[in-house]
Amino acid sequence: MLMELKTYLERQGSASIFDLSNRFRVSPDALRGMLEHWIRKGKVVRKDFSGDCGGCGHSGGCGGCASAVSFEIYDWVG
């Protein structure tokens with residue numbers, strides 16, 4: 026599974042924990058453990074975006090939905 030995750034991130038460049046969870050049908054917590062392996066090796070970087078990102082101009086969330094925003098993105102830096 027670690028190699029499948031590596032291959033997927035290499036091809037995609039980056040993916041959210043939500044996307045990875047759907048793709049591999051594994052809980053986000055289990056994926057975080059696997060991703061930590063690649064982070065320790067310097068192959069993956071985790072980016073967290075939360076709250077009002079300011080990107081769309083709406084306060085309280087993206088797209089004007091007024092819900093709390095929390096994005097967890099993993100970038101392959103190989």
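Just so we're aligned: the sequence shown equals residues 26 to 103 in our numbering. We treat Cβ as the ideally placed atom computed from N, Cα and C, and that holds for glycine.
- Secondary structure of Arg50 (DSSP, three-state): coil.
- Closest in C-alpha terms to Leu60, from the list Phe74, Arg48, Ile42, Asp73, comes Ile42.
- With fewer than 16 neighbouring CB atoms inside 10 Å of its own CB, Leu27 falls in the exposed class.
- Under DSSP, Trp101 forms a beta bridge with Val69.
- Around Gly67, the same chain offers Val102 as residues with beta carbons nearer than 8 Å, after the five sequence neighbours per side are excluded.
- If you check the CB distance, Glu97 and Arg65 do not come in under 9 Å.
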